[in-house]
Every structure is written in C-alpha cells, then in structure tokens.
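So the structure is just underneath, and the comments pick up after that.
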Amino acid sequence: MPLDASMRMPDLATTGSPMRVVRLLAAAGDEVARGQPILEVETDKATMEVESTVAGRLVAIAVEVDDEVLAGQLIATFAVESAGAAWVAPAAKLAPSHPAPAEDRTARASAAASPASDRPSFFARNRARRSVQPTSSKRASLALSLAGRVVARRMQEIKRTVPHFYVQASANAGGMVRRRDAAEGPRPAWDAFFVVAAARALREHPRFAHRYDQEKLVPHGGGAIGVAVDLDDDLYTITVDDPAAKEVERVSAEIREQVDQLRSGDPKARQPRPASMTVSNLGGSGVESFAAIVNAPEASILAVGSVLPAAVVESGGIFVQDRVRLTLSVDHRVAGGKAAAAFLHAIVRGLESF
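Mapping of the sequence shown onto full-length UniProt numbering: residues 1 to 354, in sequence order.
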C-alpha cells in the first residue's frame with residue numbers, strides 16, 4: 001500500500017535568503033524518479049533546479065510560481081510504495097481551503113511540461129509582474145525582485161563598512177570617438193574603451209588589484225574587469241577576463257555577448273565572477289558625472305559620464321573638444337588619495353591613447 005512522503009526545500013547555500021519559485025517542472029499525478037528536477041528556483045546567486053529526493057507519484061506541489069520559499073519548507077508530497085522505499089519524513093497534510101479548478105490544474109501541468117523555449121524569460125516575467133497596476137484606491141508598494149533585494153542589502157552593507165573616498169578627472173575622448181566612427185563593422189561599445197584602459201592602468205598600479213582582508217591586502221580578480229549592467233531595473237555585473245591584453249573591438253564583442261546572455265535569462269550569465277575592479281557607465285543616460293559605490297571586495301570602481309563637447313584652453317587658444325568626466329571611488333583601506341590620483345591619471349592616459 002502506498003505511503004505518504006514529504007519533501008522539503010533543500011539548503012542551496014543561500015545563507016538563509018528566501019528563494020523564488022521560477023518554474024514547476026512536474027505536476028500532480030506524475031511519476032517522479034529520485035534525482036528528477038521538480039522545481040526551478042531563483043536564489044541570490046543563480047537559477048537552480050531542485051531535484052526530488054523521493055521516488056514515487058507526485059501527489060501535490062505545495063508552492064506555486066513566484067512563491068518565496070526557505071530551506072526546510074515543505075514543497076511537495078508523494079505516494080511511495082512501502083517495499084524498499086527509503087525513509088522519508090511523514091507528509092504534512094496539504095489541505096487548501098479552495099481546491100483548484102480542474103482547468104487550473106490542467107494549465108499548471110501543461111506549464112510544467114512545456115519546453116523552456118515556449119516560456120517567457122526571467123526578464124520578461126519581471127516586466128510582466130511590474131506592469132500590473134494596483135487595483136486598490138491606494139497605490140500598492142513596489143515589490144523588489146530577488147536580485148533587487150540582494151543588491152539593496154549589499155549596497156547598504158558596503159556603504160556601512162567600506163570607507164569610500166573619491167577622485168575626479170576628465171579625459172579627451174576624441175580618439176575614442178574617431179575610432180568608433182571609423183569602425184567598418186559594429187562600432188565598439190563605449191564600455192570597452194574604459195574596461196581596456198582600466199585594465200592596463202592596473203598593470204601600472206597593481207595595488208588596486210587587491211582587496212582588504214583582516215589587516216592585509218590580498219590579490220583579487222586577476223586583472224579581470226567587471227561591467228555594471230542594468231536590465232529591467234535589476235543590477236548585474238558581467239566580467240571580462242584579461243582585457244589588458246585584448247583590443248577594444250574584441251572586448252566590445254565579449255561585453256555584448258554577455259549582455260545578450262543576461263537578457264535571455266541564462267542562469268550561468270547571472271552567476272557573479274571575481275574582478276579586480278568595476279566600470280559603471282551612465283553616459284548613455286545623459287549623466288555628466290556621478291560617484292558609484294565600490295563593488296566590494298574590489299578596491300575601486302570607475303564611474304563614467306557622457307562624452308560631451310567642452311571648451312578647452314590649449315597654447316593660449318580655446319578649442320572645442322569631446323571630453324568625458326570620470327570619478328574613481330576607492331576603498332581607503334586599500335589606498336590613499338595620492339595613489340588613487342596616480343591610478344586615475346593612468347586610466348586617463350590610456351583613454352587618450354586610443
């Protein structure tokens with residue numbers, strides 16, 4: 001005679017953070033093998049499949065898409081054959097006060113069985129949720145995505161614990177403008193110039209490729225440079241490996257490829273990778289200059305404004321020149337003002353050499 005068995009949410013190393021259910025991969029009535037994925041959840045690090053720890057007929061799934069779950073929470077019940085069945089915790093009773101209509105159950109089963117290509121991406125689902133207008137007379141609160149909540153916690157913690165200071169400079173952007181205009185194929189992304197210049201400046205100033213760790217400086221990131229990317233109001237960082245040894249056009253192609261992977265909802269693209277520093281560019285949003293928050297444990301972040309024509313005095317004359325304003329935010333535990341100024345001027349020299 002079949003026995004009821006329950007499955008609880010495993011610990012996916014999320015340090016206690018809630019996980020959001022992204023997809024149901026099985027439906028009530030399915031025969032499920034041990035190790036077969038039954039859910040897909042979004043953690044604070046990646047999108048992951050949750051594999052069944054029970055072999056048997058799935059009686060009910062206790063969660064729905066967009067629900068938040070914690071490690072140890074009941075997520076499914078099964079009917080298992082007693083003969084040879086591994087011990088599992090007794091099932092908690094799933095007794096919804098209003099059973100789902102038959103058509104709802106059919107729809108959920110169909111959604112669980114449909115291929116990934118037929119379902120909207122993670123970002124499309126985010127857009128759909130945010131486009132829903134509140135129906136009450138009072139405006140509803142705006143719910144943050146899991147990624148948004150993680151960023152909020154990190155930024156608050158970083159500003160509280162990392163002593164920031166800022167140095168500013170501007171660079172002649174004429175060479176970058178001409179190189180973009182002369183491109184025979186796709187024009188290099190603006191970010192690529194700043195990534196390459198920052199990486200080459202790191203070679204001259206390796207102190208900034210370290211992180212502060214318990215009263216000592218530890219190498220970090222191996223010279224890789226991160227690029228801040230905003231997609232659907234969620235902030236991510238992609239990483240370019242060894243850009244100092246690459247041409248701007250190649251770095252540009254790598255950046256665009258990784259952004260496309262992010263837009264597609266590829267979970268691997270969302271997994272953070274270490275970098276020595278990050279570039280954050282709001283020039284395309286019409287921002288002349290700003291100061292960014294260091295992406296700890298990195299030691300610095302370069303904030304890039306718009307490329308704009310500016311009057312410049314040279315050799316007693318006034319000329320109009322394309323220029324860009326830069327702000328370098330620095331962890332004061334890693335470096336002081338003089339070192340930061342030298343590092344920023346090395347970045348400026350790199351930008352003006354294109």
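All residues carry an ideal CB built from backbone N, CA and C; glycine is no exception.
Other residues of its chain near Glu-201: CB distance less than 7 Å, five sequence neighbours each side excluded: The question names Glu, but residue 201 is Ala in the sequence shown. Only Phe-343, Ala-346, Ile-347 and Gly-350 meet the Cβ criterion.
Euclidean distance between Cα positions of Pro-297 and Gln-156: 14 Å
Arg-23 versus Leu-39 - alpha carbon distance: 6 Å
Delimiting residues of the alpha helix (DSSP H) encompassing Ile-255: 248–263
Reduced DSSP secondary structure (H/G/I, E/B, other) of Phe-319: strand
Span of the beta strand (DSSP E) around Leu-231: 225–231
Three-state secondary structure (DSSP) of Arg-160: helix
Residue from Pro-18, Ala-62 and Glu-42 with nearest C-alpha to Ala-26: Ala-62
Endpoints, the alpha helix (DSSP H) within which Ala-339 is located: 337–352
Other residues of its chain near Ala-199: CB distance less than 7 Å, five sequence neighbours each side excluded: Gly-223, Ile-225, Pro-243 and Ala-244
Beta-carbon contacts of Pro-274 that lie in its chain and below 8 Å, excluding the five residues immediately before and after: His-220, Gly-221, Gly-222, Ala-224 and Thr-239
Cβ-based neighbour list, Glu-352, same chain, cut-off 7 Å, excluding 5 preceding and 5 following: Ala-171, Asn-172 and Gly-175
Contact the segment 228–237 vs the segment 271–287: 3+ CB pairs below 8 Å: yes
Beta-bridge pairing of Ala-234 - partner residues as DSSP gives them: Note that residue 234 is Asp in the sequence shown, not Ala. Asp-234 is bridged to Leu-231.
Cβ contact check for the segment 204–215 and the segment 327–334: 3 or more pairs under 8 Å: yes
Pick from Val-41, Ala-46 and Phe-78 that is closest to Val-65, judged by C-alpha positions: Val-41
Cα-Cα separation, Thr-327 to Leu-142: 31 Å
Backbone CA spacing between Asp-232 and Ala-28 [nearest angstrom]: 33 Å
Contact set for Gln-261: own chain, Cβ-Cβ below 6 Å, skip 5 residues either direction: Ala-269
Nearest neighbour of Arg-180, chosen from Gly-56, Gly-35 and Glu-249 [CA to CA]: Glu-249
Residues bridged to Gln-168 [DSSP beta-bridge criterion]: Thr-327
Among Ala-183, His-164, Phe-354 and Lys-216, nearest to Ala-340 - alpha-carbon criterion: His-164
Counted within 10 angstroms of its Cβ, other Cβ atoms place Leu-146 as buried (16 or more) or exposed: buried
Cutoff 8 Å; reference Thr-47; Cβ partners in own chain excluding five residues on either side: Val-22, Glu-40, Val-41, Phe-122, Gly-265, Pro-267 and Arg-270
Supposed close pair Val-280, Ala-303 - CB separation, criterion 8 Å: In the sequence on display, residue 280 carries Ser and not Val. That pair is a contact at about 5 Å.
Three-way DSSP call (helix, strand, coil) for Phe-78 in this model: strand
Where Arg-57 sits in the DSSP three-state scheme: strand
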